[in-house]
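At position 76 of the sequence shown (counting the first as 1) the number is 78 in this note's numbering, and the numbers step up by one without a gap.
Here is the structure we will look at.
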Amino acid sequence: MSLSLADVEKVARLARLAMNEQELQAAQAQLNNIFGLIAEMQAVDTKGVEPMSHSQDLAQRLREDKVTETDQRAAFQAVAPQVEQGLYLVPQVIE
Numbered sequence: 003m004s005l006s007l008a009d010v011e012k013v014a015r016l017a018r019l020a021m022n023e024q025e026l027q028a029a030q031a032q033l034n035n036i037f038g039l040i041a042e043m044q045a046v047d048t049k050g051v052e053p054m055s056h057s058q059d060l061a062q063r064l065r066e067d068k069v070t071e072t073d074q075r076a077a078f079q080a081v082a083p084q085v086e087q088g089l090y091l092v093p094q095v096i097e
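Shown next as structure tokens:
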């Protein structure tokens with residue numbers, strides 16, 4: 003698939019891009035190169051190839067899931083301007 007200059011001009015107008023003739027021709031060449039690359043990629047036979055989440059088969063080293071911080075909720079709420087039933091009360095900002 004290749005785009006004509008009129009197609010590129012229409013796309014530029016829809017995208018609200020002001021482009022002169024030279025910029026339109028450059029964009030046409032770039033878009034046609036992209037479409038060519040897409041056509042090459044679609045021509046590759048990928049039957050039997052499983053999708054991958056990453057290009058390398060690596061395992062993520064994860065740390066042990068354990069609590070390392072002490073519970074300071076009471077200390078934080080003690081200095082809060084207003085607290086009710088364990089919740090912070092804030093002024094209404096939207097009417």
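Where a beta carbon is used, it is the ideal one built from N, C-alpha and C, also for glycine.
In terms of Cβ geometry, L39 and V10 do not form a close pair [threshold 8 Å]. When DSSP states are grouped into helix, strand and coil, E86 belongs to the strand group.
Here L7 is near L26, since their CB atoms are less than 8 Å apart. Between V85 and Q79, the CB-CB gap stays under 8 Å.
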